[in-house]
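Protein chains in written order, with our numbering: chain H, 1 to 310; chain W, 311 to 620.
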């Protein structure tokens, strides 16, 4: 389960839009194809798009490198890992080697996040999560789902409660698929059922990934995350964020300055709305730091934003 | 826009599962067919299923009436209007006349709800709603959507923000369709985007319908309603329930005693989850009275549960 693989000068990208129905690999030989795969969500997940973009830089010919950097960075605006990885590849004399290094580092970070985060999961816990934060999103063990996988391996996790995550159903399609493949007990709910699951006492904690964490700890993640954080607070449940430190953006002061990608309304409209209906489709939302119990990074568990950005 | 019509001994039911794509009428000549239409959500909305069930009683032959009453009541467990309407038809010497009377009364109640509720909508308001509470759900002007329609007619409503309402998308399919037909400006969002819309200041109030209101004011409605109520409270926004008094169940003390219908997990799973995945699919949730700013019935605006059940 890896989102991208490099073979003989080609970046192969597992097309996550087609999962779980079919496993199809896109062969990219230009940076533009990689940018297209990122824009259309063939590859998604903040760490994974950083890795893909770094390999995209390795596909850029000498004279194209500045254009490639700009084009890859612009493919999606919210996840800071994307520009972070592009900058590293751009600054390197050997972008391919840099991309390979970034992929290896992110995988190692996932392992450290999983180990640190598993200590937060009480025995017998039922953990709610949103979107997909596993191997396909990170190129490693995952962030939030990596923590839950490690807790499961330690015999502490009773169940993952996966929010389906409309409009693109990463929870239904990818989290459920990855949990089933890894033998982690998981149950799917519609996003609107999260509040009732908490009220009924079916959930012990919430853990999510992140696309960008501002210097004050405000955290952008998949739309719906903020609502879960408010609900968790209302029910007295801990709400955790798990992300590699590459997701922390010290240059962005607070969540209000994080650009929120507005995607094609058709993603919302196409499964039922009448022709001509209007929709808005923000892909992310921002959870203020005060609703976050702790951030888990490869450096450990951070109970305050000050400790996180230190 | 009417959910059911009686013609020459046949109850014709507009199949709402097929809307907005096509307008197909089911012709029911037995109470069992009516119960099936209610169970499968061909007709839905608490007042509308009460009306349909009363007509279903009119289709029952003399010796079947007790069986018909039990079968229609059991078609869906949460909305109290269903058993209320069935009891009335069962107690009547002329069930058809009783059904016609119930339909007329519910339509009149909708008009009174709309008039009373419109006073709650400030000028220029953007109102969030969930599921569908318009003409097709009530046989009249609607409950929550009736209020918004009246506010729009008075020039006070800037926009309806419709939550799509997974899994069956009554918001996307029916609220958007009805708003477009009535010329009410409406914008669709995924259910997970509700929190961010409030946080961004794009919403001034939330108004929803109800399937059953307990004696203490706790209110069962479409799953996701409770989450909106918690979010509204967190953002200091008013949260209103609009429903006819036939929805109030004085025999149920509080929300914990309201039966919550658990529907087929396939409704959640079928648009993306891997084969063999587990899901839960509660169709309703309960919002505690303390999160409700006011209930609007045909008798006016009730600021307390005591006033509501008086």
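Cβ atoms here follow ideal geometry from the backbone N, Cα and C, with glycine treated the same way.
Near the ligand SAH: residue i beta-carbon under 7 angstroms from a heavy atom
| i | result |
| --- | --- |
| residue 192 of chain H | Looking at this structure, you won't find the ligand SAH or any other ligand, since it has none at all. |
Residue i and residue j closer than 8 angstroms at C-beta
| i | j | result |
| --- | --- | --- |
| residue 4 of chain H | residue 147 of chain H | no |
| residue 359 of chain W | residue 391 of chain W | yes |
| residue 291 of chain H | residue 240 of chain H | no |
| residue 246 of chain H | residue 77 of chain H | no |
| residue 426 of chain W | residue 611 of chain W | yes |
| residue 536 of chain W | residue 595 of chain W | yes |
| residue 203 of chain H | residue 126 of chain H | yes |
| residue 144 of chain H | residue 273 of chain H | no |
| residue 25 of chain H | residue 12 of chain H | yes |
| residue 530 of chain W | residue 522 of chain W | yes |
| residue 324 of chain W | residue 333 of chain W | yes |
| residue 109 of chain H | residue 149 of chain H | no |
| residue 72 of chain H | residue 101 of chain H | no |
| residue 192 of chain H | residue 131 of chain H | no |
| residue 106 of chain H | residue 244 of chain H | yes |
| residue 590 of chain W | residue 187 of chain H | yes |
| residue 128 of chain H | residue 197 of chain H | yes |
| residue 41 of chain H | residue 168 of chain H | yes |
| residue 31 of chain H | residue 59 of chain H | yes |
Contact set between residue i and chain H, taken where Cβ atoms lie within less than 8 angstroms
| i | result |
| --- | --- |
| residue 490 of chain W | 274, 276, 277 |
| residue 592 of chain W | 193, 196 |
Chain-ordered neighbours of residue i on chain H, where CB pairs are closer than 9 angstroms
| i | result |
| --- | --- |
| residue 486 of chain W | 269, 272, 273, 274, 277, 278, 279 |
Interface partners of residue i on chain H, CB under 7 angstroms
| i | result |
| --- | --- |
| residue 504 of chain W | 227 |
| residue 509 of chain W | 226 |
Partners in chain W for residue i, counting only beta-carbon separations shorter than 9 angstroms
| i | result |
| --- | --- |
| residue 49 of chain H | Chain W residues near residue 49 of chain H: none, gap ~21 angstroms exceeds 9 angstroms. |
| residue 261 of chain H | Result: empty, since nearest Cβ-Cβ is about 12 angstroms, beyond 9 angstroms. |
| residue 169 of chain H | 581, 582, 583 |
Residue interval of the beta strand (DSSP E) (run including residue i)
| i | result |
| --- | --- |
| residue 404 of chain W | Unbroken run through residue 404 of chain W: none, as it is neither H nor E. |
| residue 128 of chain H | 125-129 |
| residue 5 of chain H | 4-7 |
| residue 442 of chain W | Premise fails: residue 442 of chain W is in no beta strand (DSSP E) and is neither H nor E. |
| residue 470 of chain W | 467-473 |
| residue 384 of chain W | No beta strand (DSSP E) holds residue 384 of chain W; the alpha helix (DSSP H) holding it covers 375-384. |
Residue from the options with nearest C-alpha to residue i
| i | options | result |
| --- | --- | --- |
| residue 215 of chain H | H:308, H:98, H:282 | H:308 |
| residue 258 of chain H | H:287, H:264, H:93 | H:287 |
| residue 397 of chain W | W:361, W:577, W:563 | W:361 |
| residue 446 of chain W | W:486, W:438, W:338 | W:486 |
| residue 469 of chain W | H:253, H:134, H:155, H:278 | H:278 |
| residue 70 of chain H | H:79, H:90, H:55, H:167 | H:90 |
| residue 16 of chain H | H:220, H:60, H:8, H:1 | H:1 |
| residue 261 of chain H | H:64, H:74, H:62 | H:74 |
| residue 558 of chain W | W:479, W:433, W:520 | W:520 |
| residue 122 of chain H | H:238, H:310, H:254 | H:238 |
| residue 199 of chain H | W:615, W:534, W:440 | W:534 |
| residue 492 of chain W | W:319, W:461, W:328, W:560 | W:461 |
| residue 94 of chain H | H:120, H:271, H:107, H:65 | H:65 |
| residue 124 of chain H | H:184, H:53, H:306, H:8 | H:184 |
| residue 271 of chain H | W:474, W:338, W:413, W:613 | W:474 |
| residue 38 of chain H | H:218, H:79, H:162 | H:79 |
| residue 560 of chain W | W:545, W:578, W:527, W:566 | W:527 |
| residue 465 of chain W | W:378, W:428, W:330, W:318 | W:428 |
Neighbouring residues, chain W, relative to residue i (Cβ below 8 angstroms)
| i | result |
| --- | --- |
| residue 173 of chain H | 582, 583, 584 |
| residue 166 of chain H | 474, 476, 500, 501, 502 |
Residue span of the alpha helix (DSSP H) that contains residue i, given as start and end
| i | result |
| --- | --- |
| residue 530 of chain W | No alpha helix (DSSP H) contains residue 530 of chain W, which is instead part of the beta strand (DSSP E) from 529-532. |
| residue 307 of chain H | 305-309 |
| residue 233 of chain H | 225-234 |
| residue 366 of chain W | 356-369 |
| residue 581 of chain W | That residue, residue 581 of chain W, is in no alpha helix (DSSP H); it is neither H nor E in DSSP. |
| residue 203 of chain H | Unbroken run through residue 203 of chain H: none, as it is neither H nor E. |
| residue 551 of chain W | Looking at the DSSP string, residue 551 of chain W is not in any alpha helix (DSSP H); the run it does join, the beta strand (DSSP E), is 549-552. |
Amino acids of chain W, ordered along the chain, whose beta-carbon sits closer than 7 angstroms to that of residue i
| i | result |
| --- | --- |
| residue 285 of chain H | 505, 506 |
| residue 187 of chain H | 588, 589, 590 |
What residues from the segment 527-553 of chain W come within 9 angstroms of chain H, judged by C-beta to C-beta, listed N to C? Along the segment 527-553 of chain W, the positions whose C-beta sits under 9 angstroms from a C-beta of chain H are 532, 533, 534, 535, 536, 537, 538, 539, 540, 541, 543, 544, 545, read in chain order.
Going along the chain, which residues of the segment 124-146 of chain H sit with their C-beta nearer than 8 angstroms to a C-beta in chain W? Those residues of the segment 124-146 of chain H that come within reach of chain W (Cβ to Cβ, closer than 8 angstroms) are 130.
Using a beta-carbon distance cut-off of less than 9 angstroms, what residues from the segment 17-41 of chain H approach chain W? So the close ones are 19, 20, 21.
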